[in-house]
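Participant:
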Amino acid sequence: TGEMINFVTDVHIDGMLPMVVDRNNSSDLDTSMVFGPGWNTSLDTRIEVCPDKILMMSPDGAILEFPTAPADGAEVVANGRPWRLSFVDGAYRVRNIQEGITWVFAVTGSEFGDRRPNAPVQDFNVTGDAPKNVVHQVEDTEVSNSFVNVLSPGSVADAFGLSVEIRLSSIVHHSGAWIEYDYEQTTGHLVSMRRSDGTTLEFKWHNRVHRLLSIWVKNEETHPDEEPMRLASYNYDGKGRLLKVINSAAGALRYYYDDADRPCRWTDRNGYSYYYRFDDQGRVVSQVGSGGMFPNVVIWLPDTGDDAPEDGTVCVILECAGEFHGDPAEIGDSCINEYFDRLENLPLANLLREKGLVGAGLTGRGRTSARDDETWTIPEELLHDEFLGDIRPTVYRSTPAGDVWRIVTAEGIVTDWDHDQHHQITRQMTNTGVVTVLERDEYGTITQIDYGDGTTETIVPGAWGEPVRVIGRDGLTTEYEVDPAGFVTAVTDPAGIRLEYEYEWRATGLVPLAMIDPQGLVQVTECDNAGRPLVSVDPAGRRSSVIRDVRGFIVETIDPVGNVTKVEYSPEGWATKIINPDGSERSASYDGEGNQITATNEAGVTTTAKYTVFDKVSEIVAADGGVTRYTYNTQMEPITVTNADGHAWRFEYDWDGEVIKETDYNGLVTETRRSRDGLRADIINGEGIVTTHYDAFGRLTEVHEIDDVVRFTRDKLGEITQVSNKWSTVDYQHDEYGRTISETTTLYSGEQTTINLSHNPNGVIDSVSHVLPDERVISEKTRFSEGGDVCELAYSLDGKEVAVAGLGVDALGRRSWISMDSTVRKLKFDKRSRVVSETMVKLGGEAATTSIVDRAFSWRVDDVLEQVKDAVRDTTTDYVVDSLGRITGVTHVDAARDQKPSESYEFSRAGMVTKLHPDITAKWADDVDLYGGTMPRQ
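The sequence shown begins at -6 in our numbering and counts up by one.
(1) In three-state terms, what does DSSP make of residue 371?
(2) Do residue 54 and residue 33 have their CB atoms nearer than 7 Å?
(3) With a threshold of 7 Å on Cβ separation, who are the neighbours of residue 254 within its own chain once the five nearest residues in sequence on each side are excluded?
(4) Cα separation between residue 184 and residue 100?
(5) Express the C-alpha separation of residue 763 and residue 789 in angstroms, rounding to a whole number.
(6) Run through DSSP, which three-state label would residue 197 get?
(7) Tell me whether residue 37 sits in a helix, a strand or coil according to DSSP, three-state version.
(8) Could you say which of 67, 586, 629, 46 lies nearest to residue 262 if we only look at CA atoms?
(9) Check this for me: beta carbons of residue 671 and residue 343, under 7 Å apart or not?
(10) Roughly how many whole angstroms lie between the Cα atoms of residue 883 and residue 810?
(11) Under a Cβ-count criterion, where at least 16 other Cβ atoms within 10 Å of its own Cβ denotes burial, should residue 741 be classed as buried or exposed?
(12) Starting from the Cα of residue -1, find the closest Cα among 8, 17, 13 and give me that residue.
(13) Over what stretch of residues does the alpha helix (DSSP H) that includes residue 678 continue unbroken?
(14) Could you tell me the distance, in whole angstroms, from the CA atom of residue 721 to the CA atom of residue 314?
(15) Apply the 10 Å Cβ neighbour rule to residue 163 and answer buried if 16 or more other Cβ atoms are within range, or exposed otherwise.
(16) Do residue -3 and residue 277 come within 7 Å of each other at the CB atom, strictly closer than that value?
(17) Using CA coordinates, which residue listed in 846, 292, 906, 329 is at the minimum distance from residue 345?
(18) How many Å lie between residue 231 and residue -6 at the Cα?
(19) Please report the distance separating the alpha-carbon of residue 693 from that of residue 418.
(20) What is the residue span of the alpha helix (DSSP H) that residue 247 lies within?
(21) DSSP three-state call for residue 582: helix, strand or coil?
(22) Could I get the ranges of all uninterrupted beta strand (DSSP E) runs contained in the region 812 to 894, with 3 residues as the minimum, in chain order?
(23) When DSSP builds the beta bridges, which residues end up paired with residue 735?
(24) For residue 351, does the three-state DSSP call read helix, strand or coil?
(25) Assign residue 89 to one of three DSSP states: helix, strand, or coil.
(26) Who are the near neighbours of residue 302 in its chain, counting only those whose CB is closer than 6 Å to its CB and skipping five residues on each side?
(27) Note the first and the last residue of the continuous beta strand (DSSP E) segment covering residue 494.
(28) Helix, strand or coil for residue 769, going by three-state DSSP, please let me know.
(29) Can you tell me which of 874, 877, 850, 857 puts its alpha carbon nearest to the alpha carbon of residue 868?
(30) Flag this pair as yes or no: are the beta carbons of residue 475 and residue 459 separated by less than 7 Å?
(31) Can you list the beta strand (DSSP E) stretches of 3 or more residues lying completely in the region 594 to 635, in chain order?
(32) Determine the closest residue to residue 486 out of 245, 468, 499, 502, with distance taken between C-alpha atoms.
(33) Measuring CB to CB, does residue 769 end up less than 7 Å from residue 791?
(34) Under the assumption that residue 619 contacts residue 902 (Cβ atoms under 8 Å), give the Cβ distance between them as a whole number of angstroms.
(35) Exposed or buried, what is residue 158 when buried is set at 16 or more other beta-carbons lying within 10 Å of its beta-carbon?
(36) For residue 582, which residues from the same chain have a beta carbon less than 6 Å from its beta carbon, with the 5 sequence-adjacent residues on both sides left out?
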C-alpha cells in the first residue's frame, strides 16, 4: 500500500493473558481515539454496527467487515481474517481461534450478570453471561466496562440508518483469564484495564485534546502497599497529534507530521531521526535518517508483467549502501535535504519511473515475467552513485488485495507465495524451486503441510486450534489429550512414551500445576493468578522460588538452600542491579533507548559503550582505556572492527547485504562466492578454495576441501545416514521412531568401531556400548535415583562388569561426588556455585585413608581465580589478574622444596601477549617486539 508503518509496544505485562499497550504508526490511519491521527492502538479496538454489516477496528488497525450477526447466536466470519462474530447474551463477541482469545463488546444496559466465566472457556461455543455493567465512582467520575456511542433500536441513529459504535468491554482467554476495560461515561475515555489476577493499568487523559496522557500500573491484591508506578507518558500538540513518548530515561521519543497529518519523521531519545517523503497518493517514495542512515528510494508502478495478476502492483526499493560522509552521530540531520535531493534524482529511480522495469533493464529471475535464469541488463553506471554508494534494487510484486506474492532480491534470489482470502500463506516456492503447501481449516489453523519432497505432516486441530493428533512426515502418529478448555493434558509419542500435564482451575483462570514425565517423575509448578511461575519443585524435592514485582518481573530468586539473588529494574524493565547471594553486586546503566552504556562488575570495574545512529554500538571502552571501534555503511552493516591496538577487520558485501569478503586483523583475505540458485558456495582464502554444495532444501551434501571431499548422505526425511571422506566413513542407524541407535566408524584401513545406544521404555538412553576393532565390547549402563538424577554408571568388558561408579548431587542438584571402588572424589561450592574445594581419597578400611587430592580454590569477587592451595603436595599457586581478567603474574610456592618460581605476562590494549617472563629473576625473557595484526612476527 505504500503506507509508512511502525509497530511499538509501550507496555507488556506477562501472563497467560498478557496485558499489552501497543501503537501502530501508520501514515494512512486517522482512527485512534487514544493517540490521535496517524495512529492505531489495541486500546482502540471496537466495532461499528451498521444497518447491513458490522465493522471491527482490530487491535493492529486492520478494519474487518462481518455480516450482520444472527439473532440466534450463530457465528459469521470476517472478510479479511478467519475470525468469528456472534451476538450472545447482550454482547457481540469476536473469537480468534489462533490466539485463543475472544473480544467482548457489551451493549450498555444489559441486565445479565457478571461476564467472567465460572470455568475455563471450553470450546468454540463461547459461554458465559454478558459483561457486567456495574457503574461505580472513581474520583466522582462515572465509569463502566461498556461504552456505546449511539444506542439502537429506537434511537436517532436507528431512525436515520446510522451506525452504532461499541467499545471493547473485555478480552477472555480460553484459560478463563480475562481483562476488562472501564470507560468514563461522559467522555468515553478508557480509564482502566484490569486483569483477573488484579493487575490494573490506569489511564490518565489530557482533558483539552482528549488524548491519553500517562499509563500507570498497580495491583492491590498482590502489592497493596505500593503506589501506582508510571510506565509511560505522552505529549500532544493543539491538534491532538502525538508529539512525545516519555519514559524514565533522559530524552523523549518525538513524532512529526506533515500537512496531511501523516507521521513523516521520528526522533529517538538519543536525538537520532528518520524521515519519510510521500507522493500524491500518500505512498512513501523516499526515506533517510540522521547522518545518512538507510537512504532508500521506493518506486511504485502497475505490474504489467506477463504473469502479473490483474491490477497488481510492483514496488521497487532501491537501498543505497555507501560510506558515511563523516561520523553520522556528529553529522546528525544536517545532511537530510542533500540526501533527499540525491535520492529523488537518482538516475536509476528516474529511469524506472519513466520506462518501467523493462525499460530500465530490471528484468530476469521473475521480476517482469515467469521465473528464469536471466540476469538484469541495468547499465553498471546506474548501480553505483559516488555519494550514495551501491544501489541495491529489490522487487516486490503484490496482488490487488495487498498480498506480496513474489520478492526478487538484488542478487536474484526469488521467493513466491500464495495466500487465501484471509491473507494467510497457503503456498511457498523457494529460490531453488521447492514448493511447500499449507492447508488450513475454516479458522485458519494449519491442518496439513506438504514439504515438497514427497512427505506431508497432518495435524488434527482441537476446538482452540491446539493439536489433538499429528501424523508426522515419517507416518508416525503423536496423540494429544486435550481438556475442554483447549489445554494439552497428555502427549503420547509414536513409541508410546507419555508425558502428562496438570493444571489448577482458579476463578482467575487456568494455570499450570505439574508435569509428569514418562518415568512418573513429577515437576511441580506453583503459579500466581496470572499463570507466571512462582515456585518450582523438581522430582527430587528441590524447591526454588521467585518473588515478582507489580509488573511480573522477577526481583528475587531463592534457591533450594535459601541463597537469594536480587534484581533491580528501571521502570522500563531494564535490569540495573543484580545482588548475588554473597552480597556482591553488578550493575548497568542505559540510555533512553535501552542500550546498555555501562556495565560494572562485582569488583567495581566498568566497561562503557557508546552508540551511533540506529542503536548500533560504535565504541566499547574497557576498564584499562582500550577502545574497540565499530563502523558501518549506510545500511548499518558493519564494515570495520578496529581493536584496541588499532588493527582493523574489514567486511565487504554483495547486493543482498551478505558478506563476500573479509580481511582480518592480520591482512588475511577470505572471499565467499555464492551461486544464484543457492546450491553452491566457494570459500577462497590464502590456502585455496573450499566448495560447499547444498541440495534444494538447503541441506549440506558435499564439502570439497583442498585435498579431500566430505559427503553427506540422507534419508527421505533429511536425516544424515552417512558422512564420509577419504579417511573414514561414519554410518548412522535409526530405529523405527527416528531415534539414533548406532554410529559406526570405518577407517580407510578397514578398522571399524561401533557405538550402540539403547533406550529404555521411557525413551531415555540407559546403555551405551562400544564395539572395538578387535570385537571386544565396552558397555556403560546408567541407573537413576528416585528423583531422576544419574546415580550409578556400571562398566563392563565383554559382558563382565569391571567397574561401578557412584554419583551424587548436593542440595542444589550439582554433581558433588563420584566414587569408584574405594576412591571418592568430592566437590564443594560457595554461594555462587564456584568450586572452592576438591578432594579425592582412597578409603583404606582398617588401614589409614589415603588422600590423593586436596585442593582449595580462592576467587576474586568477580569470578576470577586467585589462588589454588594443594594440601597433598604442600604447594600454593597465586594468580595476579588485572581488572580485565587477564593473568599478569603467577607464583608457585613449593614449601617442601623451598622453591618459589614465578611468571609474569604483559598485554597490549587488545589483549595480545607482549612479554612472557618464565622467571622474573632470570636474565632472559621472551618479548614480542612486533605484531602483524594479532600474529607475532618476532
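Think of the CB as a built atom: it goes at the ideal place given N, C-alpha and C, for glycine as much as any other residue.
Everything numeric in this text was worked out from a predicted model, so none of it was measured.
Facilitator: Reading from the atomic positions:
(1) If DSSP states are grouped into helix, strand and coil, residue 371 belongs with coil.
(2) Yes.
(3) For residue 254, where only same-chain residues beyond five positions count, the Cβ hits under 7 Å are 23, 30, 31, 234.
(4) Going by C-alpha positions, residue 184 is about 18 Å away from residue 100.
(5) The alpha-carbon of residue 789 is positioned some 10 Å away from that of residue 763.
(6) The answer is strand: DSSP assigns residue 197 an E or B state.
(7) In the structure shown, residue 37 adopts helical secondary structure according to DSSP, grouped into three states.
(8) The shortest C-alpha separation from residue 262 is found at 586.
(9) Cβ distance not < 7 Å, so residue 671 and residue 343 don't count as in contact.
(10) So the two alpha carbons sit approximately 30 Å from each other.
(11) Its Cβ having fewer than 16 others within 10 Å, residue 741 is exposed.
(12) When 8, 17, 13 are compared, the shortest CA-CA separation from residue -1 is found for 17.
(13) Counted as a single uninterrupted DSSP element, the stretch harbouring residue 678 is not any alpha helix (DSSP H) but the beta strand (DSSP E) occupying residues 673 to 678.
(14) Each residue's CA atom was taken as its position, placing residue 721 and residue 314 some 46 Å apart.
(15) Per the 10 Å Cβ criterion, buried.
(16) Yes; because the gap between Cβ atoms is below 7 Å, this pair is in contact.
(17) Of the candidates 846, 292, 906, 329, the one whose C-alpha sits nearest the C-alpha of residue 345 is 292.
(18) For the pair residue 231 and residue -6, the Cα-to-Cα distance works out to about 29 Å.
(19) The straight-line gap from Cα to Cα measures roughly 27 Å.
(20) Unbroken run through residue 247 is the beta strand (DSSP E), 246 to 250; no alpha helix (DSSP H).
(21) In the displayed model, residue 582 falls within a strand according to three-state DSSP.
(22) For the beta strand (DSSP E) assignment, the uninterrupted runs of no fewer than 3 residues enclosed by the region 812 to 894 are, from N- to C-terminal side, 816 to 822, 828 to 835, 843 to 852, 858 to 863, 868 to 874, 880 to 887.
(23) Residue 735 is bridged by DSSP to 726, 749.
(24) Helix.
(25) Three-state DSSP puts residue 89 in a strand.
(26) 392, listed in sequence order.
(27) 491 to 499 is the span of the beta strand (DSSP E), which, as asked, contains residue 494.
(28) It is coil, neither helix nor strand.
(29) Nearest of 874, 877, 850, 857 to residue 868, Cα basis: 850.
(30) Yes.
(31) DSSP assignment within the region 594 to 635 yields the following whole beta strand (DSSP E) runs of 3 residues or more, N-terminal first: 599 to 604, 610 to 614, 620 to 625, 631 to 635.
(32) Looking from the CA of residue 486, the closest CA among 245, 468, 499, 502 belongs to 468.
(33) Yes; because the gap between Cβ atoms is below 7 Å, this pair is in contact.
(34) Contact holds; Cβ gap of about 3 Å.
(35) Counting Cβ neighbours within 10 Å, residue 158 comes out buried, since at least 16 surround it.
(36) For residue 582, the CB contacts under 6 Å within the same chain, skipping 5 residues up- and downstream, are 590, 591 in chain order.
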